[in-house]
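Read the structure below first, then the notes.
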Amino acid sequence: MPRPKNELLRQMLGKNELNQVICNYGACKKRVLSGHAANIQRHLRLMHPVIYNSYIEQKNASKCNGNITKSAETRHEMRQKCSRKKSKIELAIVEFFTKCERPLGMLEDRAFKVLAEPAFATLNMSVNRNSVLEMISSYAHKLRAEIRDDLSGSLFSLKIDMATKEDITLLGINVQYIKERSIQIKSLAIKELQRGYTSEYVKTLIMEVLNEYSINIQEILAITSNDNTILDAVKELNEDLHNVLGGDETFNHKTIKKESGFDSSFEEWLEETDLTSYNITSVLSGTQTIQLCVDAILQNPEIEKNLDKCGTLMKELGTPDVSQIFGPASYENKRNDCTTMYEFLEKLPDMLPTNATLYLNTDEWSFVKELLAVLKPLYNATKKLQKEQLCYSELYTVIMNIVFELENLHNNKMAKSLIDALNMQKTKLLEMEIFNTAVFLDPRIRVCLDATQKSRAKQYITTLYNRVSTLKGDTTISETNDSVMTEMPSTAEERPLSSHNAKSFVEFLQNLDTEPSSAPVSYLDAEITLYERQPRLPLDANIIDFWFYQHNTLMDMAYLILAIPCSEVSTERLSAAFQYIFADKQNPLSAANIDNILVVKVNGVFNYDN
Numbered sequence: 001m002p003r004p005k006n007e008l009l010r011q012m013l014g015k016n017e018l019n020q021v022i023c024n025y026g027a028c029k030k031r032v033l034s035g036h037a038a039n040i041q042r043h044l045r046l047m048h049p050v051i052y053n054s055y056i057e058q059k060n061a062s063k064c065n066g067n068i069t070k071s072a073e074t075r076h077e078m079r080q081k082c083s084r085k086k087s088k089i090e091l092a093i094v095e096f097f098t099k100c101e102r103p104l105g106m107l108e109d110r111a112f113k114v115l116a117e118p119a120f121a122t123l124n125m126s127v128n129r130n131s132v133l134e135m136i137s138s139y140a141h142k143l144r145a146e147i148r149d150d151l152s153g154s155l156f157s158l159k160i161d162m163a164t165k166e167d168i169t170l171l172g173i174n175v176q177y178i179k180e181r182s183i184q185i186k187s188l189a190i191k192e193l194q195r196g197y198t199s200e201y202v203k204t205l206i207m208e209v210l211n212e213y214s215i216n217i218q219e220i221l222a223i224t225s226n227d228n229t230i231l232d233a234v235k236e237l238n239e240d241l242h243n244v245l246g247g248d249e250t251f252n253h254k255t256i257k258k259e260s261g262f263d264s265s266f267e268e269w270l271e272e273t274d275l276t277s278y279n280i281t282s283v284l285s286g287t288q289t290i291q292l293c294v295d296a297i298l299q300n301p302e303i304e305k306n307l308d309k310c311g312t313l314m315k316e317l318g319t320p321d322v323s324q325i326f327g328p329a330s331y332e333n334k335r336n337d338c339t340t341m342y343e344f345l346e347k348l349p350d351m352l353p354t355n356a357t358l359y360l361n362t363d364e365w366s367f368v369k370e371l372l373a374v375l376k377p378l379y380n381a382t383k384k385l386q387k388e389q390l391c392y393s394e395l396y397t398v399i400m401n402i403v404f405e406l407e408n409l410h411n412n413k414m415a416k417s418l419i420d421a422l423n424m425q426k427t428k429l430l431e432m433e434i435f436n437t438a439v440f441l442d443p444r445i446r447v448c449l450d451a452t453q454k455s456r457a458k459q460y461i462t463t464l465y466n467r468v469s470t471l472k473g474d475t476t477i478s479e480t481n482d483s484v485m486t487e488m489p490s491t492a493e494e495r496p497l498s499s500h501n502a503k504s505f506v507e508f509l510q511n512l513d514t515e516p517s518s519a520p521v522s523y524l525d526a527e528i529t530l531y532e533r534q535p536r537l538p539l540d541a542n543i544i545d546f547w548f549y550q551h552n553t554l555m556d557m558a559y560l561i562l563a564i565p566c567s568e569v570s571t572e573r574l575s576a577a578f579q580y581i582f583a584d585k586q587n588p589l590s591a592a593n594i595d596n597i598l599v600v601k602v603n604g605v606f607n608y609d610n
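Quick look at the structure:
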């Protein structure tokens, strides 16, 4: 009986014009000694190791069923499996040169080619600088499309950072929103600024990025930034926004339908609406808010005098012996920044014994100790704001925690001054409708607001809901009704003992209802009232989870407000951008390629299980 033919292996064979047996896999076309299974296996092992390993696995598995030479897997299935493996390898290449920060120059290293090219050849892949950049560009395009889908038809907030190194200034534009029970911060773009840039130029760059993602200026709720040029650009964006609201002919002719059933024209609605609530709100980061408090106490003449003495030590210690500790930052930056100031003063007692010429008297040492005690809670809060993605309302808890820690520093004059500065900043923040509403929508700290602040928050929520509805094309708006926001005490009345005075059961029930009649209540007002009746959550509760399980319109409004950025997590992305710019000056990457790499590095999620 003849030996059965191995159909799986024979599917890969063909013949050329000389009637020689060749390999038909991919673009191989190399000659095989014969159609014998052993010769085919030898060719696969040498030239196509991935296919060879797959075949051996199937061969070993089939031994259990007594079928060695037959395979149920078709040629189409083999190609699908190879295609999946190729996709995973391409994904790994993208991750290798983005997330793992490997330099593209290693693609030209001879050792890398010797190691990698045989594996790539088996999958008919060409891996070089250009092909890798194309893979990264393709993946970046996919990520941008996903972000575009997430942002479509809703409000969101931006975090815009600016940093300068040597003669290059970069602008980082990020978007932050809540999705799948977590805060998502995505990088939209990183742009290099021209020298002598202005707020008008920065505004133009921001608009270019927004247009790339098909984002309308009306969809921006807030922009967080600490740079004055960016803050000026936000003012100019607001001017453009007001022109859009007042000049959109299509919008002007719409009829606005209120929940009460009455209609009004756009002009009437515009007169009743405070357009400032439709502004793009400028927001300072939490670290900048804390720094403003530090700057306030440093203006005290006595504190400034003692700090100048410490500044002299900073200059004296700014030698090569300590440069590795502090880096190249200047004395002025160290003195003004609370983080670097604390880190220096904390090390100062240990460094003085090695510098015999330096001296601090008893009063000056007392000043250093008091200042360290005051700066410690601010330092810890700043580190938290630099590393964690926080809800906007968390800034209130950060400030209050600092205040309570400082109140425990008895007989510390600087602590008293700093508490006053923190309370002043807290008051200014609560005067902002958007921050006041964020605190109201935080079930852990809502109780900190007084009745007036709560009423303002409810009005802003209604305005925000109307803004979102208009953005989505829904012309039904909610009307603010303060009378239904507060529970009215019921008056004791005698209940009717029979139905003699009622013509129907409905009327009978109405007679039993002692609650005062009020204007029609919107669904949103009802949700706010129910939210206020819920008990306060502990401070360590997850407020995103709390709102996730509400499943109502108020949840959507809470997500918009709480997602406003207050931390500095995104600033590290500009440092990564500088690394790519200065890494290979002989073969510099284009701005578009750097943008693609950083979009993938920051936003990419690499999953090899599927």
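Heads up: the sequence shown begins at 1 in the working numbering, then just goes up one per residue.
Glycine residues also receive a C-beta, built at the ideal position from the N, C-alpha and C atoms.
Note that this is a predicted model, so its numbers are computed, not measured.
Thinking just about the alpha-carbon of each residue, which of the options is nearest to the one in residue i?
| i | options | result |
| --- | --- | --- |
| D609 | K29, Q58, R84 and K30 | R84 |
| D420 | L292, K15 and A558 | L292 |
| D556 | R456, D149, L33 and R181 | R181 |
| E568 | Y531, N300, F344 and L284 | L284 |
| D150 | E346, I215 and A140 | I215 |
| D450 | L170, L133 and L430 | L430 |
| R536 | I290, V599, F440 and F578 | F440 |
| V209 | C310, I173 and I230 | I173 |
| A163 | A576, C100 and N596 | A576 |
| L464 | P49, D525 and W547 | D525 |
| L155 | A111, R467 and V602 | R467 |
| K59 | L378, A37 and G473 | A37 |
| K86 | M135, M106, L107 and K426 | M135 |
Would you say residue i and residue j are within 9 angstroms of each other, going by their C-beta atoms?
| i | j | result |
| --- | --- | --- |
| E621 | S199 | Within the shown structure, residues of the chain are numbered from 1 to 610, placing residue 621 beyond reach of any answer. |
| L562 | G153 | no |
| L375 | Y342 | yes |
| V244 | I223 | no |
| T462 | S522 | yes |
| I303 | F367 | yes |
| F582 | K165 | yes |
| I206 | I160 | yes |
| N306 | L371 | yes |
| V175 | I185 | yes |
| S157 | L560 | yes |
Between the alpha carbons of residue i and residue j, how many angstroms are there, rounded?
| i | j | result |
| --- | --- | --- |
| E117 | V127 | 8 angstroms |
| K179 | A373 | 39 angstroms |
| A592 | T281 | 30 angstroms |
| L44 | I51 | 7 angstroms |
| K383 | T397 | 15 angstroms |
| I594 | L104 | 12 angstroms |
| Y177 | L143 | 16 angstroms |
| S590 | S137 | 12 angstroms |
| Y201 | I190 | 15 angstroms |
| F251 | L221 | With a pLDDT of 46 at F251, under the threshold of 50, the modelled position of this residue cannot be trusted; read the value that follows with caution. About 19 angstroms. |
| E57 | L13 | 20 angstroms |
| V294 | T437 | 26 angstroms |
| Q534 | S570 | 35 angstroms |
| N607 | A140 | 15 angstroms |
| L231 | N238 | 11 angstroms |
| N423 | N279 | 26 angstroms |
| T480 | T339 | Bear in mind that a pLDDT of 49 at T480, under 50, signals an unreliable position, so the number given afterwards is only what the model happens to contain. Roughly 45 angstroms separates the two Cα atoms. |
| L33 | N130 | 37 angstroms |
| S417 | P301 | 13 angstroms |
| V94 | F120 | 14 angstroms |
| E192 | K454 | 43 angstroms |
| K88 | N16 | 33 angstroms |
| T486 | K458 | With a pLDDT of only 36 at T486, under the threshold of 50, the placement of this residue in the model should not be trusted; the figure read from the coordinates follows. Each residue's Cα considered, the two are about 11 angstroms apart. |
| S71 | Y25 | Unreliable placement is indicated for S71, whose pLDDT of 49 sits below 50; the coordinate value is still reported in the next sentence. So the alpha carbons of these two residues sit roughly 17 angstroms apart. |
Should residue i be listed as close to the ligand FAD, given that the test is whether its C-beta is under 8 angstroms from any heavy atom?
| i | result |
| --- | --- |
| E192 | No copy of the ligand FAD appears in this structure; indeed no ligand is present at all. |
Start and end of the alpha helix (DSSP H) containing residue i?
| i | result |
| --- | --- |
| N174 | Where N174 is concerned, there is no enclosing alpha helix (DSSP H), although the beta strand (DSSP E) it sits in stretches over I168 to K179. |
| L158 | Not the alpha helix (DSSP H): L158 falls in the beta strand (DSSP E), residues F156 to K165. |
| V283 | Per DSSP, V283 belongs to no alpha helix (DSSP H); it is in the beta strand (DSSP E), T281 to V283. |
| S138 | R129 to L151 |
| L409 | Premise fails: L409 is in no alpha helix (DSSP H) and is neither H nor E. |
| C23 | First-last for C23: V21 to C23, but that is the beta strand (DSSP E), not the alpha helix (DSSP H). |
| A222 | Careful: A222 lies outside any alpha helix (DSSP H), inside the beta strand (DSSP E) at I220 to T224. |
| V368 | T362 to K387 |
At what residues does the beta strand (DSSP E) containing residue i begin and finish?
| i | result |
| --- | --- |
| K15 | L13 to K15 |
| I528 | No beta strand (DSSP E) holds I528; the alpha helix (DSSP H) holding it covers Y523 to R533. |
| A189 | S182 to L193 |
**Request:** Check whether the stretch 439–450 touches the stretch 537–557, taking contact to mean three or more Cβ pairs, one atom from each stretch, closer than 8 angstroms.
**Result:** yes
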